[in-house]
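Residue numbers (the working numbering), protein chains in the order written: chain A, 1 to 430; chain B, 1001 to 1591.
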């Protein structure tokens, strides 16, 4: 008789699910209390109680029913029959969740908890700002650091990746500055993927003009890429990024990415410079074959604080309504990034989803020198990742204040929308 | 490190867990925003516990109606326990059948509703036998106590808790005599407690953290010279766990502290909420690893918003799991109202489709008409199946991040209000007009056919809906101007305004043909029958053709663990929208 499978210690466990039609990357994070978080392809999050976490672990490890029942009996005060029934039912439910395209309604009957109420022990995603060097020079750039900011060595970044895996972070996004300026980027991707982490890249796309480089990144295991594309009008794009000829390279890079196996999306910052052209830009991207489009407003950090080209929140509605129409026409997914105050702009009205600040909650950022900051635009160090105990970083006063939304404007706390809105981006407040 | 070397048992009494009928607790979800507990150690070896717990119940969650509080042993005196919710005294406190030993505090009419806040105060004056000897390298015997505040299953409680834990020691000690233990369990606050000597000569230790939570087991403790308590105050028995009775689970018989094991050092932990009380043996090989956890059914939750507004009545009907033939009938009425088609024959159902089509059709209405353009019955059924599959998928997409339960309740309420306004109308004219305006919403009532016939029974005549001739080929087309020819478009998302406008009689006065109420009602009901028989054929078979796509049995799959590159396929990862509320959580944004 095969022994009952032991249940895992706290940590993150990685599974690759393959059928003839699809592949899924699944991470099961087990917490100290036995509860768990299931993360499917780094974009769908489900919270499990200890029983569900145990069953998921057994199922993902392909335990036979008999073995699973033995394991459950060993761990819980439950009869074999009861365990068998619940396990079988749970197996069907889990299958529906990890195959979302196969079952569009499987998660509808799940219990829904209010947004932003989960309190994970670590974020789900960590952005690694490998460098603040950049071959663009955007007038609205949120980077508040010097370009020659100190950078960790390759080995240090390997250590960072390993420690991130140990604390249960399954998703890594390499960003900057311009991360492709680091020659060791493919090595870092490869290392993260070997750990079991999903990797993404935020880039201006110029380095991707070289198909061989795209191939190098995909061979290393890169999963997705986000390319900044400010306008379909070359002059506007180049003017916004303040780099002549950038548009041509970015477009070439975008096209190269689109013919690769990478999941590709663009991001466009809606500013006074490009706002009137946004519909045409989206049409342009739709015709290129983009499946996912990202839009955001000005981030009030770095040069963004003084550039003066931001759009008032109240003016976003018609722009985004038009964007919604166009992306629906192209059957695209539209992602709106910016947390706003819902009294000025409510993304729910345009079916853009509940958007709130998730800094120091679901995502954080590590700067080139290894300092952890709440998000990649909030330049206040919570401590050095390689030197400081993670719990101290995670429970830093600023991190806690952001999680608990203590930094929201005073007027927001009694507002009925506060639960969803959270007071918008804390940087915009400042 | 201030832990003393304890050679024998330290009593840990843990007070636990409020729980709200845990077996059925899947919809309980709340925060404990504040919790303060004062543990007063008395000279007779007993302790008094005083809890103040503030609950913030989540919107949409089950009301917090009963709070179970575990006792460290069964020697507590039940009839001395008092409790208040807010300023209201609680009159019903019983021994708990969930947490044993423990008590159930019934909040009664002061239960904390969804979205509500309430503060519960519970005072347990006497819990005897709380001190145990602590042998340590000191010149005299020491007594020890450890304490674990209540905590809840993380499935039900979330958020941070402003927690304050106070140990109040017997009077008379100097500040150098007692010793506190370093808090265990990942206590986020300072290890060193606040401490002072009170006016009555008692020393207290208070640990405070605004970043604690009420789903983690924290342990606090202290020891002090035994001479400050009565000679009989210190229990020499080894503490053993009580049996646990768990509703729905296997159990012992609810016994407690009646047997003695050998010289094992133990601490008692109570896992709040789930009603589990067990023993962890620190110094022995038996204990935690052999103990089984209480079983709760597997539960999965997602973060999201409550109600998804803006669904059409047809979409709401799908979400409410209305029969497919009714969904098609509702769709039919929708396209007829929009002048996108007219019925040529009702049995078999054939449509004449308008050309060009109106611009305001929903995708499922377009698909519906495309199906009816098909003359071959089998091909038409296939297209209707495809239409339904696409409709279900689109609703699944729209509903992501929203609560199905709350959304269904919302649309159910709309249906009820629609009926209420129809039934409250004073005249047949207004009744008929109200029904016409809100027909799609009234159809969400599962008994809408019966209810329609009851509402329009008797010798009444109602003005025929302006589009009625498109549904009933035998009905005369009204002689009307251009405005009538186009007919009113359904406005499903604006029920309130639409209904108000209709009932208020703000429409232009048009002389419409009259229709016997009973005929109208029967004809409406007949629509569904026509579909289930004449168009869809065997409804079970038709539905199965849809659900095998929308809710298929699990496909064969393989899993493998560990790393390895992601090599594409249909399911590449997208941005890291960590939940419905992703913003910054997506893959970067804002560059």
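Positions of the beta carbon are idealized from the N, C-alpha and C atoms, including for glycine.
- For residue 1437/B, the closest of 1459/B, 1078/B, 1463/B, 1204/B by C-alpha to C-alpha distance is 1463/B.
- Selection 1166/B, 1236/B, 1202/B evaluated against residue 1218/B yields 1166/B as nearest (Cα-Cα).
- Flagged as an interface residue toward chain A: residue 1296/B, by a C-beta distance shorter than 8 Å.
- Boundaries of the beta strand (DSSP E) harbouring residue 48/A: 44-48, taken from the DSSP string.
- By the C-beta criterion, the stretch 1331-1350 of chain B is judged not to be in contact with the stretch 1409-1426 of chain B, since fewer than 3 inter-stretch pairs fall below 8 Å.
- In this structure, the CA atom of residue 378/A is about 51 Å from the CA atom of residue 1134/B.
- Taking the CA atoms as reference points, residue 354/A sits about 22 Å from residue 1056/B.
- Residue 289/A does not reach chain B, its nearest Cβ partner there being about 15 Å away, counting only Cβ pairs nearer than 8 Å.
- Scanning chain A for C-beta atoms nearer than 7 Å to the C-beta of residue 1342/B yields nothing, as the closest lies near 29 Å away.
- Counting other Cβ atoms within 10 Å of its Cβ, residue 1139/B stays below 16 and is therefore classed as exposed.
- If you draw a straight line from the Cα of residue 208/A to the Cα of residue 137/A, it comes to about 18 Å.
- Going by C-alpha positions, residue 171/A is about 24 Å away from residue 1155/B.
- Here residue 1416/B carries a helix assignment [DSSP, helix/strand/coil].
- The Cβ neighbour count for residue 316/A, taken over all protein chains shown within 10 Å, is at least 16; the residue is labelled buried.
- Per the coordinates, the alpha-carbon of residue 84/A lies some 22 Å from the alpha-carbon of residue 38/A.
- Burial state of residue 1149/B is buried, judged by a 10 Å Cβ sphere holding 16 or more other Cβ atoms.
- Closer than 8 Å to the CB of residue 1160/B there is at least one CB belonging to chain A.
- For the stretch 67-83 of chain A, the set of positions with a beta-carbon nearer than 9 Å to some beta-carbon of chain B reads 72, 73, 74, 75, 76, 77, 78, 79, 82, 83 in chain order.
- Residue 268/A and residue 1316/B have their C-alpha atoms some 35 Å from each other.
- As DSSP reads the structure, residue 1068/B sits in a beta bridge with 1104/B.
- Looking at the DSSP output, residue 1142/B sits in a beta bridge with 1134/B, 1225/B.
- For residue 1350/B, DSSP records a beta bridge to 1345/B.
- Within the stretch 40-68 of chain A, 40, 41, 42, 43, 44, 45, 46, 47, 48, 49, 50, 51, 52, 53, 54, 55, 56, 59, 60, 61, 62 place their CB atoms closer than 9 Å to a CB of chain B, listed in sequence order.
- Against residue 1303/B, the close residues of chain A are 45, 47, 112, 113, 114, 115, 116, 117, 118, 354, in the order they occur along the chain (beta-carbon pairs closer than 9 Å).
- When the alpha-carbon of residue 1407/B is set against those of 1068/B, 1524/B, 1313/B, the nearest one is in 1313/B.
- For residue 1395/B, the uninterrupted alpha helix (DSSP H) run begins and ends at 1377-1399, by DSSP.
- Assignment of residue 164/A by DSSP, reduced to helix, strand and coil, places it in the helix class.
- For residue 127/A, there is no enclosing alpha helix (DSSP H); the residue is found in the beta strand (DSSP E) stretching over 125-129.
- Residue 1061/B counts as buried, since no fewer than 16 other beta carbons sit within 10 angstroms of its beta carbon.
- Among the residues of the stretch 393-421 of chain A, those with a Cβ less than 7 Å away from any Cβ of chain B are 395, 400, 404, 420, in the order of the chain.
- In the DSSP assignment, residue 1326/B falls within the unbroken alpha helix (DSSP H) covering 1324-1337.
- Within 9 Å of the CB of residue 1213/B, the CB atoms of chain A belong to 119, in sequence order along the chain.
- For residue 82/A, the uninterrupted alpha helix (DSSP H) run begins and ends at 80-98, by DSSP.
- Within the same chain, and ignoring the five residues on either side of residue 1169/B in sequence, the residues whose Cβ sits closer than 8 Å to its Cβ are 1041, 1178, 1202, 1203, 1204, 1205, 1222, 1224, 1228.
- With 16 or more other Cβ atoms from the protein chains shown falling within 10 Å of its own Cβ, residue 1433/B counts as buried.
- Around the beta carbon of residue 1198/B, fewer than 16 other beta carbons lie within 10 angstroms, which makes this residue exposed.
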